[in-house]
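K.L.:
Once you've had a glance at the structure underneath, I'll fire off some questions.
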Amino acid sequence: MAKQIEAYAAHRLTEARDVSVEGLDRIVGGASRETYRFRLRYASGGESVDRGVILRRDPPGSVIETDRRNEFNAYRAFAGVPDVPVPEVFWLEEEGTWLDYPFFMLEEIAGFESSPAAIGQPPYAERREQLGHRKWEILGRIAAADPAAIGLTGCMQAPAPEDCWRRELDYWEGVIDADELSPWPIARAAIRRLRRSPPPPAQKLSVVHGDFRTGNFLYDGQGGIHAILDWEMVHLGDPLEDLGWTFNPLWDFAGNGYMGSLLARDEAIRTWERSSGLCADPDALGWWELFNAVKGQAIWVSSAREFIDGKNHDPIMGMAGLGMANKQDRALLEIMGKPT
């Protein structure tokens, strides 16, 4: 694939000479895009250029169906928003002409950690609270951003505030309907509860990252966060959706009992409220927490379908469809106040 990337880069960099791709390597993990890193080297304007590039390419089968243009546009939109660090995006291709499948490219931000498991280990564990405050501060800044001002209302559907919950629940229930290989009674019970007691209208129409969790940002050992990644599920909606997603028990990868292995729930909420200027109404947030457990289960159900149908043989798909689904059922019961 390196030669294909070289040909594409030469096509894009019309003034460049001696374009080469070195060190092409696939990054393990992630189930909605194939991710690769490489060095892009070329000569331009009498200077030699050497930069790290990340390639995000659609796989043959994916755990979720997502819009790569929305992901690309979100990176580009937040590049100008203070306190929301994102990598620079380069090019988007929505056909498979160059690399067999659609893709986009963005800068590599090197030298930082992304592993959710490392959060609980030195030197990062000592900076747990600092990382946690920074995490929910950034999420608050995303919620506070004006989607129209950063250019996203023109490329993403904007639901009415009272329709945010229904649109999301309808979509993810539909994923379970389409992909389940066996009944999921706990998720179905949760869906019935969600429909019986919908949340109030969104207090603000916000950009919803869709997968803002430990493991989807780059961090350092001093408590800093340097890039928010994996915007493939980005959309416009209720900002409490993102906040509720961060409280999914499955994101406590270190097993220390904190939200995302970083902060106590109340402290995370206070940090988010200060940063966003919004209010996390307890009942509304509770609804979104339960919804997000259903959404998580829908993702694991879809992952199992892709793996068993042979559309994607990546082991992470099978692991998500089996192990994560069982954990998500337990989280659903916990949120609903049922014995596990």
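Mapped onto our numbering, the consecutive letters of the sequence shown carry residue numbers 5 to 344. Ideal Cβ positions, reconstructed from N, Cα and C, are used throughout, including at glycine. The structure presented is a predicted model; accordingly, all values stated were derived computationally and were not measured.
In angstroms with no decimal places, state the Cα-to-Cα distance between E271 and N252.
P.N.:
By 1-based counting over the sequence shown, the position of residue 271 is 267. By 1-based counting over the sequence shown, the position of residue 252 is 248. Cα to Cα, the separation comes out at about 16 Å.
K.L.:
Looking only at its chain, what residues have a beta carbon closer than 6 Å to the beta carbon of R80, apart from the 5 residues adjacent to it on each side?
P.N.:
Locating residue 80 in the sequence shown gives position 76, where the first residue counts as 1. Correct list, in chain order: V93.
K.L.:
Roughly how many whole angstroms lie between the Cα atoms of E310 and R43?
P.N.:
Stepping through the sequence shown from its first residue, residue 310 is reached at position 306. Stepping through the sequence shown from its first residue, residue 43 is reached at position 39. E310 and R43: Cα-Cα distance of roughly 32 Å.
K.L.:
Grab me the residues of T218's own chain with a C-beta within less than 7 Å of its C-beta, minus the 5 sequence neighbours each way, in chain order.
P.N.:
Taking the first residue of the sequence shown as position 1, residue 218 is located at position 214. The answer, listed in chain order, is P120, I123, W255, F257, G264, S265, L266.
K.L.:
Between the Cα of S186 and those of W304, Y40, L17, S24, spot the shortest distance and give me the residue it belongs to.
P.N.:
As a first step, residue 186 must be located in the sequence shown, where it is residue number 182. Comparing Cα positions, the closest option is W304.
K.L.:
Are the region 271-285 and the region 235-251 touching, with three or more C-beta to C-beta distances below 8 Å?
P.N.:
Yes: at least three Cβ pairs fall under 8 Å.
K.L.:
Taking the C-alpha atoms as reference points, what is the distance between Q332 and D215?
P.N.:
Along the sequence shown, read from residue 1 onward, the residue named residue 332 stands at position 328. Along the sequence shown, read from residue 1 onward, the residue named residue 215 stands at position 211. Their Cα atoms are separated by approximately 15 Å.
K.L.:
For R16, I'd like the list of residues in its chain whose CB is within less than 7 Å of its CB, leaving aside the five on either flank, ordered along the chain.
P.N.:
Taking the sequence shown and counting its residues from 1, one reaches residue 16 at position 12. Excluding residues within five positions, the ones whose Cβ falls inside 7 Å are W95.
K.L.:
Leaving aside the five residues before and after V184 along the sequence, list all residues of the same chain whose C-beta is less than 6 Å from its C-beta, in chain order.
P.N.:
Here the question's residue 184 lines up with position 180 in the sequence shown. Correcting the residue type first, residue 184 is Glu in the shown sequence and not Val. Cβ within range, chain order: V305.
K.L.:
Taking the alpha carbon of E10 as the reference point, which residue from A162, V23, E236 has its own alpha carbon closest?
P.N.:
Counting from 1 along the sequence shown, the entry for residue 10 is found at position 6. Nearest of A162, V23, E236 to E10, Cα basis: V23.
K.L.:
Express the C-alpha separation of Q207 and A194 in angstroms, rounding to a whole number.
P.N.:
Here residue 194 refers to the residue found at position 190 of the sequence shown. Here residue 207 refers to the residue found at position 203 of the sequence shown. Near 24 Å, if we compare the C-alpha coordinates of Q207 and A194.
K.L.:
Can you give me the Cβ contacts of P202 inside the same chain, cut-off strictly under 8 Å, excluding the 5 residues immediately before and after it?
P.N.:
Working through the sequence shown from its first residue, we reach residue 202 at position 198. Closer than 8 Å at Cβ, skipping near neighbours: W169, R170, W291.
K.L.:
Are there three or more Cβ pairs, one per stretch, closer than 8 Å when the region 70-89 is compared with the region 145-157?
P.N.:
Yes: the two stretches touch, three or more of their Cβ pairs being nearer than 8 Å.
K.L.:
Please report the distance separating the alpha-carbon of I232 from that of S118.
P.N.:
Within the sequence shown, residue 232 is the residue found at index 228, counting from 1. Within the sequence shown, residue 118 is the residue found at index 114, counting from 1. Between I232 and S118, the C-alpha separation is close to 10 Å.
K.L.:
Quick one, are the C-beta atoms of V298 and W176 less than 8 Å apart?
P.N.:
Along the sequence shown, one-based indexing puts residue 298 at 294. Along the sequence shown, one-based indexing puts residue 176 at 172. In contact: V298 and W176 (Cβ atoms closer than 8 Å).
K.L.:
Considering only C-alpha positions, which residue in the set V32, L209, W102 is nearest to D167?
P.N.:
The sequence position of residue 167 within the sequence shown is 163, counting from 1. For D167, the nearest C-alpha among the options comes from L209.
K.L.:
Give me the Cα-Cα distance between P126 and N260, rounded to the nearest whole angstrom.
P.N.:
Along the sequence shown, read from residue 1 onward, the residue named residue 126 stands at position 122. Along the sequence shown, read from residue 1 onward, the residue named residue 260 stands at position 256. Approximately 14 Å, taken between the alpha carbons.
K.L.:
Check this for me: beta carbons of I190 and L337, under 8 Å apart or not?
P.N.:
Along the sequence shown, one-based indexing puts residue 190 at 186. Along the sequence shown, one-based indexing puts residue 337 at 333. Yes, these two residues count as a Cβ contact at 8 Å.
K.L.:
By Cβ distance below 7 Å, which residues in the same chain neighbour I142 in space, the five residues on each side in sequence not counted?
P.N.:
Indexing the sequence shown from 1 puts residue 142 at position 138. Correct list, in chain order: D87, V88, I229, I232.
K.L.:
Which ranges would you report for the beta strand (DSSP E) in the region 197-241 if only whole runs of at least 3 residues count?
P.N.:
For the region 197-241, whole beta strand (DSSP E) runs of length 3 or above, ordered along the chain, are 210-212, 221-223, 229-232, 239-241.
K.L.:
I'd like to confirm the pairing. Which residues does DSSP put opposite L47 in its beta bridges?
P.N.:
In the sequence shown, the residue the question calls residue 47 occupies position 43. Checking the sequence, you will find Ala at residue 47 rather than Leu. Its beta-bridge partners are R21, S52.
K.L.:
Distance, Cα to Cα, N77 vs D181?
P.N.:
Walking along the sequence shown from the start, residue 77 turns up at place 73. Walking along the sequence shown from the start, residue 181 turns up at place 177. Taking the straight line from one Cα to the other gives about 30 Å.
K.L.:
If you count every other CB in all the chains shown that lies within 10 Å of the CB of D359, and 16 or more means buried, which is it?
P.N.:
The requested residue 359 is not part of the displayed model; the chain covers only 5 to 344.
K.L.:
Please state if the CB of G56 and the CB of Y128 are separated by a distance shorter than 8 Å.
P.N.:
As a first step, residue 128 must be located in the sequence shown, where it is residue number 124. As a first step, residue 56 must be located in the sequence shown, where it is residue number 52. Not closer than 8 Å, so no.
K.L.:
Of the choices G300, Q301, E293, L326, whose alpha-carbon is the least far from that of M340?
P.N.:
Along the sequence shown, one-based indexing puts residue 340 at 336. Taking only the C-alpha atoms, the option nearest M340 is E293.
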